[in-house]
Structure formats: C-alpha cells, structure tokens
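FYI, the numbering for the sequence shown is 1 to 517, going by this note's numbering. Here is the structure we will look at.
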Amino acid sequence: MPIGSRIRTPRRSRTSGSRRLTTLVTTAATCALTGILIAAQPAAAGAAPSTPTSHMPSPRTAVTQVSSDPFTNTSSQHATELEPDTFAHGNTIVSSSQVGRFTDGGASDIGWNTSTDGGATWQHGMLPGITTYESGGSWARVSDPSVAYDAKHGTWMVTGLVIDANVNGAGVTVSRSPNGTSWQKPVMAVGNDGQGYDKEWIVCDNSTHSPHYGNCYIEVDVTSSGNKVIMSTSTDGGATWTTPKSPSGVPSGLGGQPLVQPNGTVVVPYSTNGASIRAFHSTDGGTSWSSASLVANVRSHAVAGNLRDGEGLPSAEIDASGKIYVAWQDCRFHSGCPANDIVYATSANGTSWSAVTRVPIDATTSGADHFIPGIGVDHATSGSTGKIGLYYYFYPKANCSASTCQLEVGYLSSANGGSTWSAPQTVAGPISLNQIAGTTQGSMVGDYLSTSVIGGKAVSVFAVGKPPTGGQAFNEALYTAGGLPVSGGSAKTQQATRDSAPNPGTVAGRIPLRTAR
C-alpha cells in the first residue's frame, strides 16, 4: 500500500440533505477554512425485500457537501478530498480526510469535519502545524487520517502519517482537541527515526469498567522492516506515547484497526499484505501483545478501471457486548471470482472467528462489484438487537474500463446483529473515474471508508467526484447522506462452508507493489 492511501470512512466508530447540491458546493467552497456550518436533513430508507435485489432506483438519497479543498499549491491536485475516517461520541461526530492529494503519495494537509448535533450541521477546517501548507507545519505531506475519542481525558485525536520531502512515511503524529473544532499542533507519537511507516490507526479505551480506561493505542507498520506491525500506547490523553512494541511472532501486515472490548482487551484485526485477515490482542493495557490468529483468508477480485480499492484492508467495529465485526471485500461466493461481495467475520474474544458471511447486497448473478466497506455498529446495542450500518462503494457492472466504469456509493443496514439486512440504497453517484484524484496507484476515493451508528442512524462521510468547476482539474469533495435509519430487513446472509485460499492473481499479487511507493 503506497504512502497516503482502510473503510470507510469505512474504520473506528464512525445526515440527508434537503438543499440543492449546486448551492451547497458554492457555500462549502467559500467557507472551507472558516468553520462552515452546513445543515443536513434525514432521508428515508427504502423497504426491504426478502431476497437480495439490485440497488433501489431513483429518486436516490439526497446528499450534502460538508467540505472542500481550500489549497492552491501547484505540487498537488485540487480540488480533491478523499479517504475520510469518522468516530462518534455522544452526539459529536468527527471526520478527517486527506486534502489536496499528491499523485505519488500523501496530501497537502488533513481536514476535519465535525458535527455536534448528530450530523444535522457540520463545521470544517484544517489541522494546524503538520505540513508546510498550513499554520507553521514542517512536513512535506501527510496522509492516512484516523479519528478517536478519549472519554477519560475528554480529548479528540486525529492521527496522520507524516511524509518527508523524499516521499517517505516518516512517522505518526497525533493532533488533539477538547471539542473537535479547536485543534492543537500535533505531537509525534511514533517514528521520526529514519525508518519508513504506513497505514496507522488509533483507538481509545472508553469503558469505565476496564482496568485500562483511558489508554489509547496506535497501530502502524514499518515499511522499512517488511511491514512489521507495531503498537504504541498513551495513558495521558495522547500527549506522550510509549516506545512501540511488536506482537509475539513479529507479524507482517498493514491496515490494523484496534478495537477495545468492555473488559479492556484490545483486539487488532489487520491485513497480512492482502493474503488474509489476522488478529492479535492485549489483555494488559498494551504492555504485551499476543501472536496473531487467522480470521480468514482473502480471495478478492481485482477491481476494474485501475481504481485504488483498499485491496482487502479490513473495516472493523465492536458492539456493546464486545462482539467484533471485521468486514472486507471478497469474491469467494462467486464462481471464477468475477466480482466482490462485502463479507465479514465475527468474534467474541479476538481468537476464535465465525465463518465468513456474505452481506446480501445484490444477487451473485447481478454483475455488480462491491468494495471499500465501512461497517459501523451502534455501541449501545448488541446480540440479536445489534444495529449495523454499512456504507461501501460499488460498480453496477464489474466488467468495465477506466472510461466506462461508473462508481457509486451504497448503503444497507441490519437491526438484528447481521442475521438479516435491508434492501440496498444508492447514496451517491455515478462518478466517472476521471472525476477523482489520480495517483500512481490508480484513481482514488480512498483505501478505506468509515461508518458511525448513533441513535439508530448510520452516518458516513465519503468522497464524491463531480464535473470540475472554476478552472479546477477536479471537483472531488466530501459528502454525507445524513443519518440513514438502521431499519433492517429480511434479506438473509450466506455463510461460506469453508475458508478459501487467497488468490495470488489478485490481491495477494498486487499489495506488495503498493507498499513500494
């Protein structure tokens, strides 16, 4: 995975606009750096059929633009915003993203989008003190934003993969805020030591019953050591971080997304460089980390059109009981691997995992390709009443080319812990691939997506490309569909009868190339 690449929004926890989009684009572009306040109204979800069908026809869910790229430096692409993550605590939702994407890795800065009323209105700005393009920073570029909230210390945090002038991922910074709108200059959490890093993620222990309440954890891989996975811990609201440690066995991988169970156990699902999903854990607050266990092998269709699609990176979430959901794109339910489904596995302890389960978005004969999942779980629900929201990107027709592929954003939900699902909704698109940022690894909306479920509604922020305006080469900004109801439905899931070996001709054969800038 290249510098500046999960989910998704997918990642990490993660409303429908009644205004006309043309008005919102103008408003957001004018107010991008001043802390915009943009209103969004909820949209209705569709009825659920008993079997998987194609996406619901027009009229489609209304979307609201929440931010835009304010930069004008000629070294990166504008207007481009992509790869958002979200996290929710109470009624506050914070999203972060790359802004001003460079073709060969990273962005001009990390943007923040914050709603303090459950997604009804949003404010937007840029994180200070990271790059040379914004408020006295020193780094050439930054990438891979991830969001967390530390309830014990009342602190929001956004991590960034800082990139030097040689386009090397030099380490992980943490920007902190008491409210999600006023941000301090970052601290260096990991790195700045001559090694290479990629694909960091952050989580905090917010369970008052945990013996490690208030601990925060960062996962990142060391590209200069064969993608060695390491973990670092903070006990003081992200101000200082421990010397990184590797899990037992020193695993290699990327895209780990740590989750904390109510008892304080930290479980970290990650990609073994595209071949499989594995997970390790800590029961002592990050003092030591276990060896990794297999979640599932990955068998993934190579997405058409030279689109960067995350290539098997996991999107992970957790319910109130500590049950873990790990989702990714996978073609095992299709003979010959012509297209991907969104699939997931679950675990109560992070070591024993369920069979791979197919989300019933479309029939396997639909010809659609689904990828870049962002799964979200309502942290106040669990078990048979667990509320799950899933946003994802898709092609209605998997067999397309860079000039003909039509990229869209979809959504569906489950109100019973994933036993059955609603009908899918088309949320945004179609997007032509020439309308989104170009990179040396393909056109890009992000390697991950994220969803947050609060109050029975699923909120995501996602990148959408539209025809350029004002002389710009792109018009790729961040949008939301509001808080879409987690209504559930009667479309049943399908479980694999056995695990499938990875397909070396798809993901497993391409991921290592993405790590080499």
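Beta carbons: idealized from backbone N, C-alpha and C, even for Gly. Bear in mind the structure is a predicted one, so any value in this text is a computation, not a measurement.
- In the DSSP assignment, T420 forms a beta bridge with K492.
- Selection Q329, S315, E200 evaluated against T451 yields S315 as nearest (Cα-Cα).
- For G350, the secondary structure class from DSSP, reduced to helix, strand or coil, is coil.
- Counted as a single uninterrupted DSSP element, the stretch harbouring P467 is not any beta strand (DSSP E), since DSSP gives it neither H nor E.
- Judged by DSSP secondary structure, Y393 falls within the beta strand (DSSP E) whose first and last residues are 388 to 395.
- In this structure E408 is not in contact with P424, their Cβ atoms being roughly 10 Å apart against a cut-off of 8 Å.
- In the DSSP annotation of this structure, the continuous segment of the beta strand (DSSP E) that includes P145 starts and ends at 141 to 150.
- For a cut-off of 8 Å, the C-beta gap from W201 to S246 is around 16 Å, too long to register as a contact.
- Residue environment for G90: exposed (fewer than 16 other C-beta atoms within 10 angstroms of its C-beta).
- The count of Cβ pairs closer than 8 Å, one atom from the region 299 to 308 and one from the region 343 to 352, stays below three, leaving the stretches out of contact.
- Rounded to the nearest angstrom, the gap between the Cα atoms of S414 and S96 is 26 Å.
- Counting only runs of at least 3 residues, the region 263 to 344 fully encloses the following beta strand (DSSP E) elements, listed from N- to C-terminal order: 266 to 271, 276 to 282, 293 to 297, 315 to 318, 324 to 330.
- For C204, the uninterrupted beta strand (DSSP E) run begins and ends at 197 to 204, by DSSP.
- In this structure, A296 places its C-beta atom within 7 Å of the C-beta atom of D499.
- Using a Cβ distance threshold of 7 Å, S115 and Y133 do not count as a contacting pair.
- Taken in chain order, the complete beta strand (DSSP E) segments of 3 residues or longer contained in the region 173 to 250 are 187 to 191, 197 to 204, 216 to 222, 228 to 234.
- Closest by C-alpha distance to A473, out of S68, Q77, S67, is Q77.
- Rounded to the nearest whole angstrom, the CA to CA distance from A368 to A339 is 7 Å.
- By the 16-neighbour rule on beta-carbons within 10 angstroms, H212 is buried.
- When DSSP reads this structure, I431 sits in a beta bridge with L407.
- P485 is classed as buried because its beta carbon has at least 16 other beta carbons within 10 Å across all chains shown.
- In the three-state DSSP reduction, G136 falls in the coil class, being neither helix nor strand.
- With fewer than 16 other Cβ atoms from the protein chains shown falling within 10 Å of its own Cβ, S335 counts as exposed.
- In the structure shown, the three-state DSSP call for T385 is helix.
- Here the region 119 to 134 does not lie against the region 463 to 473, with fewer than 3 beta-carbon pairs under 8 Å apart.
- Our two residues, L478 and N263, have alpha carbons roughly 36 Å apart in a direct line.
- Assigned with DSSP and collapsed to three states, N113 falls in strand.
- If you ignore the 5 residues before and after V461, its C-beta comes within less than 8 Å of the C-beta of T9, V66, P84, T86, S95, S97, N113, S450, L478, Y479, T480, all in its own chain and listed in chain order.
- If you draw a straight line from the Cα of S419 to the Cα of G322, it comes to about 17 Å.
- Around the CB of V250, fewer than 16 other CB atoms lie within 10 Å, so the residue is classed as exposed.
- Rounded to whole angstroms, G417 and A491 show a C-alpha spacing of 13 Å.
- With contacts defined by Cβ atoms closer than 7 Å, T155 and G285 do not form a contacting pair.
- Beta-bridge partners of D369 (DSSP): Y395.
- With a beta-carbon spacing of about 7 Å, T439 and R101 fall inside the 8 Å limit used to define contacts.
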